[in-house]
Each structure stands twice: as C-alpha cells, then as structure tokens.
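Protein chains in written order, with the working numbering: chain L, 11 to 130; chain Y, 22 to 162.
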C-alpha cells in the first residue's frame, strides 16, 4: 500500500493522500505488516510530504502504531508534513508524544546526533 | 432589512467513502463567503470530524443517513451534521477529550470541532439521533 525503504535501522514509509476514516483501518494493517516484516528496524519514520489531509482518525491510526512500536522498543517519528497537516498535528499535540520533523533529512540527522552523543 | 440567507442540504450514506465528498462540498459551498484557504481547511477538518462521528457511532451494524446542512447569513457559515442514529446518552461526558469507544480512536472529535469553530452545539438523545451545529466566520482565527 505504501512506498517504503529500509535505510540502516530506519524504516521509512511514504504516506500519501488523505488519512481519514476511509483508509485508516487498511493503513493500520498495511503498516503493521510492513513493521512486522522489518523487525531489524529501530525506528519507523512516517513521511507525510504527500499527505494532503489528516484528521483525528488518521492521527489515531498513527498513535495506534506508536503504541505497538513502543511495546517493542522501536521509535516512531513523523517527517515532512506540509503546513496544513502540521497545523492539525499541532492541534492534537502529536509532537508531545511523537517527534515531528520538518523533513526526512532533519529526522535522519537528528538520529545521527543522538548516536554521536551516545556512542554506545 | 434582514440579511439574505443562502442554504444547501447534502444527504448521503453514513459511509467513510463519503467523507472526502462531504469535506469538499462544505468547503466549496463556503468558498464564496470570504474565508481564507486556511479557514476553509479548518471547516473541512471540522466537517470530517462530525461526519466521522456519525459513521463510527450512529448506526451500529447498518448504514444510515447523514444530513449536512449549510447556511450562510451575513458572512457567518452555519454547518449542521445530523444523523437519525442511536444518539448519545450523556453529551457532556462524550464531549470530554479522550472519551472514546475504541483503542484505535482518539476521542478528540468534539474537542477539535470546538477548537476549529466559533461555536459548536451538540444535541442528542438515545434513539433519536445526534445533531452537531457549528458556526464559522471569516477572520476568526
């Protein structure tokens, strides 16, 4: 359902279109399968560059994935959300729970920064 | 002289496939009222929340009708989303943030609608459906 790439220990998933009730269940299942198939990943990055709309159903789907990943010790991040999607994420306080980066590059370099600080 | 009232009614099945249509219908109808693009996006989000609530809650196990009514008077847009479904027993409790029927859902629909609109009212009673009425005015943010 999604374009994705495994880059080192980051599973990068390209979300697209409108994330609302009409697709949240299918998206949840597709993401869960993808995550299960890539158990070596230490972090899942949801790219939202091509997401045109998100509401609380879409964010609920993201939070559901977050819960499952946290239980496995895997991090989740959001990257590249446009102005409109970012505003909705802000309204629901998503960044209090999940790191939200302006771009994929920022997300990738943030992780590198953490690794340099904690070389272990 | 009374300000002129324009109105529209849009009725559709309580199916998630109709969410995109409901959002765009409301925004395109409201477009002539002087809202910015960002304000129209707020209206789309509020409509998405209201209609999603109908789809998730109103008609367990069977489809039903959703009626969206739009009216405009003196540049104020009123959007009402109504169903004839099971209704809400305790509206005040349901409106509290995080109250939800399922772990995959946020329970933030009403909270979002309140934040996005100038005013929001919810009327409901068990067995008699639910109506959400929201108003929006340009320059509100």
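Just so you know, even glycine gets a beta-carbon here, dropped at the ideal spot from N, CA and C.
Listed by chain order, chain L residues near residue i by CB distance under 7 Å
i: residue 129 (chain Y); result: 66, 102
i: residue 62 (chain Y); result: 94
i: residue 40 (chain Y); result: 30, 31, 32
i: residue 54 (chain Y); result: Under the 7 Å cutoff, chain L gives no residues; its nearest Cβ is about 19 Å from residue 54 (chain Y).
8 Å Cβ cut-off: residues of chain Y touching residue i
i: residue 98 (chain L); result: 66
i: residue 74 (chain L); result: 124, 125
Chain L contact for residue i (CB, 8 Å cutoff)
i: residue 37 (chain Y); result: yes
i: residue 76 (chain Y); result: yes
i: residue 34 (chain Y); result: no
i: residue 114 (chain Y); result: no
i: residue 136 (chain Y); result: yes
i: residue 69 (chain Y); result: yes
Residue i at chain Y interface by Cβ criterion, 8 Å
i: residue 71 (chain L); result: yes
i: residue 18 (chain L); result: no
8 Å contact criterion, which residue i and residue j should meet: CB distance rounded
i: residue 103 (chain Y); j: residue 30 (chain Y); result: About 10 Å separates the two Cβ atoms, so there is no contact after all.
i: residue 107 (chain L); j: residue 136 (chain Y); result: Going by Cβ atoms, the distance from residue 107 (chain L) to residue 136 (chain Y) rounds to 18 Å, so no, they are not a contact pair.
Per-residue burial, residue i [other beta carbons within 10 Å of its own, 16 or more giving buried]
i: residue 138 (chain Y); result: buried
i: residue 14 (chain L); result: buried
i: residue 50 (chain Y); result: buried
i: residue 34 (chain L); result: buried
i: residue 57 (chain L); result: buried
i: residue 25 (chain Y); result: exposed
i: residue 39 (chain Y); result: buried
Proximal residues of chain L, C-beta to C-beta of residue i below 8 Å
i: residue 73 (chain Y); result: 30, 31, 65, 66, 67
Chain-ordered chain L contacts of residue i [CB-CB under 9 Å]
i: residue 133 (chain Y); result: 65, 66, 98, 101, 102
*May I ask you to list, following chain order, the residues of the segment 29-63 of chain L that have a beta carbon less than 9 Å from some beta carbon of chain C?*
Within the model displayed, chain C is absent; protein chains L and Y are what it includes.
*For the 8 Å Cβ check, are there 3 or more pairs between the segment 41-48 of chain L and the segment 92-110 of chain Y?*
The answer is no - the segment 92-110 of chain Y does not touch the segment 41-48 of chain L, with fewer than three Cβ pairs under 8 Å.
*Is there contact here, the segment 86-96 of chain L with the segment 128-144 of chain Y, by at least three beta-carbon pairs under 8 Å?*
The segment 86-96 of chain L makes no contact with the segment 128-144 of chain Y: fewer than 3 CB pairs, one atom from each, lie closer than 8 Å.
*Report yes or no: do the segment 62-69 of chain L and the segment 66-82 of chain Y share at least 3 C-beta pairs separated by less than 8 Å?*
Contact between the segment 62-69 of chain L and the segment 66-82 of chain Y is present: three or more C-beta pairs spanning the two stretches fall below 8 Å.
*asked:* Does the structure place the segment 15-24 of chain L close enough to the segment 71-79 of chain L that three or more beta carbon pairs sit under 8 Å?
replied: With a cut-off of 8 Å, the segment 15-24 of chain L and the segment 71-79 of chain L do not count as touching, because too few Cβ pairs lie within range.
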